[in-house]
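A.B. asks: In our numbering, the protein residues as written are 154 to 463. I have a structure I would like to understand better, so I am pasting it below and will then ask my questions one at a time.
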Amino acid sequence: MTLKGRDLISIRDLSREEIEEVLRSAKRMIPYAEGTKLGDQLGGKLVTLAFFEPSTRTRLSFETAIQRLGGRCVTIADPSASSMRKGETLHDTIRMLSSYGDAIVLRHPNEGSGRLAAQASDKPVINAGDGAGQHPTQTLLDLATMQEAFGTLSGLKVVLLGDLKYGRTVHSLAYALAVFGAELVLSAPPGLGLPEEVRSQLDQMGAKISEEDQIHRVVRDADILYVTRIQKERFVDLAEYEKVAGSYRIDSALLKSAKQRLIVMHPLPRTGEIAPEVDATAHAAYFRQAFLGVPVRMALLSLILTGKAG
Ligand code: CP
Numbered sequence: 154m155t156l157k158g159r160d161l162i163s164i165r166d167l168s169r170e171e172i173e174e175v176l177r178s179a180k181r182m183i184p185y186a187e188g189t190k191l192g193d194q195l196g197g198k199l200v201t202l203a204f205f206e207p208s209t210r211t212r213l214s215f216e217t218a219i220q221r222l223g224g225r226c227v228t229i230a231d232p233s234a235s236s237m238r239k240g241e242t243l244h245d246t247i248r249m250l251s252s253y254g255d256a257i258v259l260r261h262p263n264e265g266s267g268r269l270a271a272q273a274s275d276k277p278v279i280n281a282g283d284g285a286g287q288h289p290t291q292t293l294l295d296l297a298t299m300q301e302a303f304g305t306l307s308g309l310k311v312v313l314l315g316d317l318k319y320g321r322t323v324h325s326l327a328y329a330l331a332v333f334g335a336e337l338v339l340s341a342p343p344g345l346g347l348p349e350e351v352r353s354q355l356d357q358m359g360a361k362i363s364e365e366d367q368i369h370r371v372v373r374d375a376d377i378l379y380v381t382r383i384q385k386e387r388f389v390d391l392a393e394y395e396k397v398a399g400s401y402r403i404d405s406a407l408l409k410s411a412k413q414r415l416i417v418m419h420p421l422p423r424t425g426e427i428a429p430e431v432d433a434t435a436h437a438a439y440f441r442q443a444f445l446g447v448p449v450r451m452a453l454l455s456l457i458l459t460g461k462a463g
């Protein structure tokens, strides 16, 4: 099945074969992302980037991907400057935007907003993060990072550490890793475990899952330590946030017991979960991970907008 004209709202919208196709194409896009090859795969297609929540990596890697492949974009980067501030609904905003460009990339604070937007739009909608819901393009670049480091996505032992309740990146990633047969170890501060709905869907998928709250124990056997920040902005009661803030931190001392090949990943931004001293170690994969957002989004846009793998 082709990705041309399709929405991407949840990582579960893609089959294993389709994910593998995006990853193969992303690998070929790396020279375009680095700027050593010039591309025109998007041939002037216009993409609307509608960001109603802050973003550095997702928005700018989409913009970079579009511009380096000969596409164009228009952007809402400041929600307070859009007419939603005057009370316009997301439905009306998206319906109107879909008549302007060839695809919409949406980030919005409400879970489910991506699905709502896809219903309102007659152009493809890509979910760039919907509240505490999903972040499927982040998952694609996470998988690209893992595949680049290990040459495979099968048989990996992946620790998901941090805010698993509100962290949309881990919700999407856990589904994808289950599809590829990874072993998942969940490690979250009290009260920040995976939502029941996500956990039960993973169980239905037959995912191999265990839980461990002692970080030094999980680090020893892991291939990948996927760290997330505590999503302060999602807490209704800041006193609850204060109870768990700063409750875990990865540093060089902790990594002494890790396998030599362990990689530390993080969707970024980090807010103290990974000590800067880790950056200089061979374990640090998070800046490469952020770079791979460009070729991955190039591949995805090319497949969705033109049907070609690029
Ligand atoms: N990883 C990620 O989504 O980063 P931004 O919030 O900066 O886009």
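By construction, the Cβ of each residue, glycine as well, lies at the ideal position given by its N, Cα and C atoms.
What first and last residue would you give for the beta strand (DSSP E) that runs through Tyr379?
C.D. replies: For the purposes of this step, residue 379 is taken as residue 226 along the sequence shown, with counting starting at 1. Per DSSP, Tyr379 belongs to the beta strand (DSSP E) from 377-380.
A.B. asks: Does the distance between the C-beta of Arg212 and the nearest non-hydrogen atom of the ligand CP fall short of 8 Å?
C.D. replies: For this step, residue 212 is matched to residue 59 along the sequence shown. Checking the Cβ of Arg212 against the ligand CP gives yes.
A.B. asks: Which parts of the stretch 222-301 are runs of the alpha helix (DSSP H), unbroken and 4 residues or longer, counting only runs that do not cross its ends?
C.D. replies: Counting only runs of 4 or more, we get 243-250, 266-273.
A.B. asks: Would you say the beta carbon of Thr209 comes nearer than 8 Å to a heavy atom of the ligand CP?
C.D. replies: Along the sequence shown, read from residue 1 onward, the residue named residue 209 stands at position 56. Within the cutoff, so yes.
A.B. asks: What does the Cβ neighbour count give for Tyr328, buried or exposed, with the cut at 16 atoms within 10 Å?
C.D. replies: For the purposes of this step, residue 328 is taken as residue 175 along the sequence shown, with counting starting at 1. It counts as buried.
A.B. asks: Return the residue from the list Ile457, Val417, Glu426, Ser163 that minimises the CA-CA distance to Thr292.
C.D. replies: Taking the sequence shown and counting its residues from 1, one reaches residue 292 at position 139. Comparing Cα-Cα distances from Thr292 to each of Ile457, Val417, Glu426, Ser163, the minimum goes to Ser163.
A.B. asks: Ordered along the chain, which non-local residues of its own chain (more than five positions away) have a Cβ less than 8 Å from that of Tyr253?
C.D. replies: Sequence index remark: in the sequence shown, residue 253 carries index 100 (1-based). Excluding residues within five positions, the ones whose Cβ falls inside 8 Å are Leu199, Thr201, Val227.
A.B. asks: Tell me whether Gln291 counts as near the ligand CP, meaning its Cβ is closer than 8 Å to at least one heavy atom of that ligand.
C.D. replies: Within the sequence shown, numbered from 1, the residue matching residue 291 stands at position 138. Yes, the ligand CP has a heavy atom inside 8 Å of this Cβ.
A.B. asks: Alpha carbon to alpha carbon, how far is Lys409 from Gly463? Give it in angstroms, no decimals.
C.D. replies: In the sequence shown, counting from the first residue as 1, residue 463 sits at position 310. In the sequence shown, counting from the first residue as 1, residue 409 sits at position 256. Taking the straight line joining both Cα atoms gives about 41 Å.
A.B. asks: Could you please give the first and the last residue of the uninterrupted beta strand (DSSP E) stretch that includes Thr201?
C.D. replies: As a position in the sequence shown, residue 201 is number 48, starting the count at 1. Element bounds for Thr201: 199-204.
A.B. asks: What whole-angstrom Cβ distance do Tyr379 and Val312 have, given they're in contact under 8 Å?
C.D. replies: Stepping through the sequence shown from its first residue, residue 379 is reached at position 226. Stepping through the sequence shown from its first residue, residue 312 is reached at position 159. Contact holds; Cβ gap of about 7 Å.
A.B. asks: Report the start-end ranges of each beta strand (DSSP E) in the stretch 317-390 that is 3 residues or longer and not cut off at the edges.
C.D. replies: Entirely contained in the stretch 317-390, the beta strand (DSSP E) runs reaching 3 residues are, in chain order, 336-340, 361-364, 377-380.
A.B. asks: Beta-carbon within less than 7 Å of Leu330's beta-carbon, same chain only, minus the 5 sequence neighbours each way: which residues are those?
C.D. replies: For the purposes of this step, residue 330 is identified with residue 177 of the sequence shown, where counting begins at 1. Excluding residues within five positions, the ones whose Cβ falls inside 7 Å are Val311, Leu337.
A.B. asks: So is the beta-carbon of Thr322 under 8 Å away from any non-hydrogen atom of the ligand CP?
C.D. replies: Working through the sequence shown from its first residue, we reach residue 322 at position 169. The answer is yes for Thr322.
A.B. asks: Report the rounded CA-to-CA distance for Ser274 versus Leu456, giving the unit in angstroms.
C.D. replies: Here residue 274 refers to the residue found at position 121 when the sequence shown is read from its first residue. Here residue 456 refers to the residue found at position 303 when the sequence shown is read from its first residue. Going from the Cα of Ser274 to the Cα of Leu456 covers about 18 Å.
A.B. asks: Count the other CB atoms, across all protein chains shown, that sit within 10 Å of the CB of Asp283; report buried if there are 16 or more and exposed otherwise.
C.D. replies: Counting from 1 along the sequence shown, the entry for residue 283 is found at position 130. Buried, because 16 or more other Cβ atoms sit within 10 Å of the Cβ of Asp283.
A.B. asks: So what does DSSP say about Ala437, is it helix, strand or coil?
C.D. replies: For this step, residue 437 is matched to residue 284 along the sequence shown. Of the three classes helix, strand and coil, the one that applies to Ala437 here is strand, per DSSP.
A.B. asks: Can you give the beta carbon distance from Leu161 to Ile279, rounded, assuming they're within the 8 Å contact cut?
C.D. replies: The residue given as residue 161 occupies position 8 in the sequence shown. The residue given as residue 279 occupies position 126 in the sequence shown. Going by Cβ atoms, the distance from Leu161 to Ile279 rounds to 5 Å, so yes, they are a contact pair.
A.B. asks: Would you grab the beta carbon distance between Gln442 and Leu296 for me? Rounded to a whole angstrom, and I think it's under 8 Å.
C.D. replies: As a first step, residue 442 must be located in the sequence shown, where it is residue number 289. As a first step, residue 296 must be located in the sequence shown, where it is residue number 143. Between Leu296 and Gln442 the Cβ distance is about 10 Å, and since that is not below 8 Å, they are no contact.
A.B. asks: Check whether the Cβ of Pro422 sits closer than 8 Å to any heavy atom of the ligand CP, and report yes or no.
C.D. replies: Counted from its first residue, the sequence shown places residue 422 at position 269. Correct: Pro422 has its Cβ closer than 8 Å to the ligand CP.
A.B. asks: For the beta strand (DSSP E) containing Lys310, list its first residue and its last residue.
C.D. replies: Residue mapping note: residue 310 aligns to position 157 of the sequence shown, counting from 1. Per DSSP, Lys310 belongs to the beta strand (DSSP E) from 310-314.
A.B. asks: Per DSSP, which residues does Ile403 bridge with? Please list them.
C.D. replies: Position 250 of the sequence shown, counted from the first residue, corresponds to residue 403. Answer is Ile427.
A.B. asks: Considering Ile416, what are the terminal residues of the beta strand (DSSP E) in which it resides?
C.D. replies: For this step, residue 416 is matched to residue 263 along the sequence shown. Where Ile416 is concerned, the enclosing beta strand (DSSP E) stretches over 416-418.
A.B. asks: I'd like the span of the alpha helix (DSSP H) that includes Lys180, first residue to last.
C.D. replies: Position 27 of the sequence shown, counted from the first residue, corresponds to residue 180. Unbroken alpha helix (DSSP H) run through Lys180: 169-187.
A.B. asks: Looking at Ile383: is its Cβ nearer than 9 Å to the Cβ of Val372?
C.D. replies: Here the question's residue 383 lines up with position 230 in the sequence shown. Here the question's residue 372 lines up with position 219 in the sequence shown. No. Outside cutoff.
A.B. asks: Restricting to Cα atoms, I'd like to know which of Pro343, Phe333, Glu301 is closest to Arg177.
C.D. replies: As a working note, residue 177 is residue 24 in the sequence shown. That would be Glu301, whose Cα lies nearest to the Cα of Arg177.
A.B. asks: Ignore the nearest five residues each way along the sequence and tell me which others in Asn263's own chain have a CB closer than 6 Å to its CB.
C.D. replies: One-based indexing of the sequence shown puts residue 263 at position 110. Excluding sequence neighbours, Asn263 sits near Gly284.
A.B. asks: Can you find the residues in the same chain that come closer than 8 Å, C-beta to C-beta, to Ser325, ignoring five residues on each side of it along the sequence?
C.D. replies: Position 172 of the sequence shown, counting from 1, holds the residue named residue 325. These residues qualify, in order along the chain: Ser163, Ile164, Gln287, His288, Pro289, Gln291, Thr292.
A.B. asks: The ligand CP heavy atoms versus the CB of His288: any closer than 8 Å?
C.D. replies: Indexing the sequence shown from 1 puts residue 288 at position 135. At least one heavy atom of the ligand CP is nearer than 8 Å to the Cβ of His288, so yes.
A.B. asks: With a threshold of 9 Å between beta-carbons, can Leu326 be considered close to chain E, or not?
C.D. replies: The displayed structure is made up of one protein chain only, and chain E is not part of it.
A.B. asks: Given a cut-off of 9 Å on the beta-carbon distance, is the pair Ala335 and Ser307 in contact?
C.D. replies: Counting from 1 along the sequence shown, the entry for residue 335 is found at position 182. Counting from 1 along the sequence shown, the entry for residue 307 is found at position 154. Yes, these two residues count as a Cβ contact at 9 Å.
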